Amino acid sequence: MSRLDSFIRRLTAQRDILNAIVELVDGREGPVLEFGLGNGRTYDHLREQFPGRRIIAFDREVRSYSSSTPPAENMVTGDISQSGQDFVGIGAALAHADIGTGHDDIDAITLTWLPQLMEGVLAPGGIAVSGLPLERDALEPLSLPPGIKEGRYFIYRRR
Numbered sequence: 021m022s023r024l025d026s027f028i029r030r031l032t033a034q035r036d037i038l039n040a041i042v043e044l045v046d047g048r049e050g051p052v053l054e055f056g057l058g059n060g061r062t063y064d065h066l067r068e069q070f071p072g073r074r075i076i077a078f079d080r081e082v083r084s085y086s087s088s089t090p091p092a093e094n095m096v097t098g099d100i101s102q103s104g105q106d107f108v109g110i111g112a113a114l115a116h117a118d119i120g121t122g123h124d125d126i127d128a129i130t131l132t133w134l135p136q137l138m139e140g141v142l143a144p145g146g147i148a149v150s151g152l153p154l155e156r157d158a159l160e161p162l163s164l165p166p167g168i169k170e171g172r173y174f175i176y177r178r179r
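Counting in our numbering, the sequence shown runs from 21 upward without gaps.
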């Protein structure tokens, strides 16, 4: 499969999962956290799926399109492994992280802190969606929507 086809499948899987988990998140208290704002595509989609809910985005620096940039009070800049720690205990209804690089050595470092962070920011019953596996006892793996290849994306519920 070409890298372009792989990219399209990854983004399609991401969108389909975010659409599928809306009902799991609706009715839950707490903000939505977006780890890895990038150009703001996913943030923009989250705004459509969760209108009126506070969405806090994290990234090293703001590089998103102006129309897809959160207001200053909901934009956290800096190293996510450190800045995210300030939000442990916030009781998020949803935490989304698409910060994998596709480089095993770099992603291995991310996996030393991301699972703990995702567990820590979620309320009990909160949902985690990630492009990297989050192996934590407190995170129960959920089934992917039909048509999404296992291992391409991951969904969890905080126990």
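Where is the CB? At the ideal position from N, CA and C, for every residue including glycine. Being a predicted model, the structure only gives us computed values, none of them experimental.
- Contact between I37 and I168 is confirmed by a C-beta separation of about 7 Å, below the 8 Å threshold.
- Taking C-beta separations shorter than 7 Å and ignoring five residues to either side along the sequence, the partners of Y85 in its chain run N59 and G60, following chain order.
- Contact check for H116 against V82 fails: the beta carbons are separated by 7 Å or more.
- Excluding its 5 nearest sequence neighbours in each direction, I100 has C-beta neighbours in its own chain below 6 Å: F55 and F78, listed in chain order.
- Straight-line measurement puts the Cα of G109 at about 8 Å from the Cα of A143.
- Inter-residue distance for D127 and E49 is about 31 Å (C-alpha atoms, whole angstroms).
- Counting of Cβ neighbours within 10 angstroms places A112 among the buried residues, the total reaching 16 or more.
- Residues of the same chain with a CB within less than 6 Å of the CB of T97, apart from the 5 flanking positions on each side, are E81 in chain order.
- Apart from sequence neighbours up to five positions away, the residues of its chain that approach A33 with a beta-carbon distance below 7 Å are I168, R172 and Y173, ordered along the chain.
- Under the three-state reduction of DSSP, L38 is assigned to helix.
- Contact between V52 and R23 is ruled out by a C-beta separation of about 29 Å, above the 8 Å threshold.
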